[in-house]
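To convert, take the position in the sequence shown, counting from 1, and add 638; that gives the numbering used here.
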Amino acid sequence: MLWLALHFPQFALDVLNRGRTDDAACVVIARQRVIQSNAAAQAAGVSEGMGQQAAIALLPHLQLLMADTDAERQALEQLAAWSLQFTAQVSLQPPNGLLLEIGGSLRLFGGLPRLRQRITGELIELGYQACNGIAPTANGAWLLAKARDGRPVIDRATLRQRIGVLPWGLLPLTIDQQQALQGLGLQTLEDCLALPRGGLGRRLGKSLLLELERALGERPEPRPMFQPPQRYEGRLELPAEAHDNTAILFALQRLLRELCGQLRGMECGVQTISLRLEHARAGVTTLQIGFLQQTRDVQRLLRVCRERLERQALPAPVTALELVTTDIRPLPPEAMDLLVEQDTRPTGDWRQLAERLSARLGERTVTGLGTRADHRPEKAWSTPTAGEQVQQYADPYRPLWLLRTPELLEQHRGRPCWNGPLTLRVGPERLESGWWDGQDITRDYYTALAPNGSLLWIYRERRAPGGWFLHGFFA
């Protein structure tokens, strides 16, 4: 096995700040103290542990972000779902880490360097800063990631040497354990490993010994694997009120990339998404956006969303946006590369054109043609919009051209005529339906041949006053 650990050292800040398009100074506050700060704030002298008022005194325009542990937990789970596109084995390392077993994915993604580069690069596009560590054990990879040592350890023979030089402060220790290690004058993990295991366990507790042995691969590492939810719900707060679509689209693209990563890992797609735009003083604007077929192509989703946003008049500036979908279903087999996000169909594909026109002009301006579960011919068809689920029904033989209003036929000696007497070829097919809505029918349908060779669909009305009617033409 080969594990890739992802440690997010600025996770609290990234979660709250990744909707930002600028580099203005900002910090995360918890209990009136700075717990994380960005580069602009650090350059001005703001540091972790500084009081809130002291930080404001240094930078009067400093933006304060309140720590949100619930948002961090949700963001970590969303990142785990996104990571499933690279491996089926993903484990949470709360509060700010993930562990990915990548041994079985190396060939698929072109080797370790390319896989690691892709993961870290796409995390940057999502708005996250990550340090990574690679080792044959999950605990070992996690220690390397926390130490910001990105040099891969491929085999266990060199694992102890690489881990041994790390400070013991990287371990999850209690205050009593830290004081005991300081009292013994120990500095590195190798110092701890050099002591007799029995004495180390008695002095510092079995939990410390277990952590070390798991990191070295001497003990099994039972880990629950993450199971993705059958929905996606992502939210981003904007750093300032957005009066146009530029900031909205920047944040939306990050949410769409996160969604599509989850979809790729689940081998699924979506056909409808819901975009909620939150306003400081005007409630919420909700946009329902549909597509003609399931997709997980970021650019395709973004193009349609952009068209829809350009048509939408906003009642007030936007302060946050939320992307939600429960329409996650297995993606039908199609010509899509396993290793790229984009659909291989050209952007001129008629489906994509129809989706963009529908988003730009309105949902009911561009419709399709579908069937409906109704025996009455005039009600057995529908005009679905993009994203609307349509069930295809295998009806009996029917003409493609159906008259909007059936045409009364002349009769000659009781025989229906249309440019001359008709010859009944197939029938009767009796249709009796619609009694539940007051629009019931009672008809006998026939396929008839006209003198000019046209094949018609006609029926005889069984209720008074009766008569023969032309209802459609076969091609």
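Backbone N, C-alpha and C fix where the C-beta goes; we use that ideal spot for every residue, glycine too.
Remember, predicted model here, so these are calculated numbers, not experimental data.
Taking all protein chains in view, the Cβ of H645 is crowded by 16 or more other Cβ atoms within 10 Å, so the residue is classified as buried. Its chain contains T1080 as the residues whose beta carbon lies nearer than 6 Å to that of R1101, once the 5 sequence neighbours on both sides are disregarded; these appear in chain order.
Here A1086 is bridged, per DSSP, to L1062, L1094. Under the three-state reduction of DSSP output, S685 falls in the coil class, being neither helix nor strand. With a 10 Å radius around the Cβ and a threshold of 16 neighbouring Cβ atoms, S685 comes out exposed. Between the C-alpha atoms of M704 and I667 there is a straight-line separation of about 5 Å. Note: A773 is bridge-paired with W641 in the DSSP secondary-structure output.
Check the Cα spacing between R711 and each of P732, L781, L833, E1067: the tightest is with P732. G1091 and G1008 have their C-alpha atoms spaced approximately 29 Å apart.
If you look at R914, you'll find it in the beta strand (DSSP E) that goes 906-917. Note that the stretch 871-878 touches the stretch 958-968; at least 3 beta-carbon pairs, one per stretch, sit closer than 8 Å. Runs of the beta strand (DSSP E) spanning 3 or more residues and lying entirely within the stretch 675-762 occur at 701-704, 728-731, 735-739, in chain order.
Counting along the chain, R841 sits inside the alpha helix (DSSP H) bounded by residues 835-842.
About 17 Å separates the beta carbon of R852 from that of T796, a gap too long to meet the 8 Å contact definition. Annotation for E760: no residue places its beta carbon closer than 6 Å to its own, counting only its chain and skipping 5 residues before and after.
Sequence-distant partners of L1046 (beyond 5 residues in either direction) whose C-beta falls short of 7 Å from its own C-beta, in its chain, are G1105, F1107. Beta-bridge annotation (DSSP): I886 is not paired with any residue. In the DSSP assignment, P1054 is bridged to Q1049. Excluding the 5 residues flanking it on each side, Q990 has same chain C-beta neighbours closer than 7 Å at R938, in chain order.
Between the C-alpha atoms of P1015 and F1112 there is a straight-line separation of about 14 Å.
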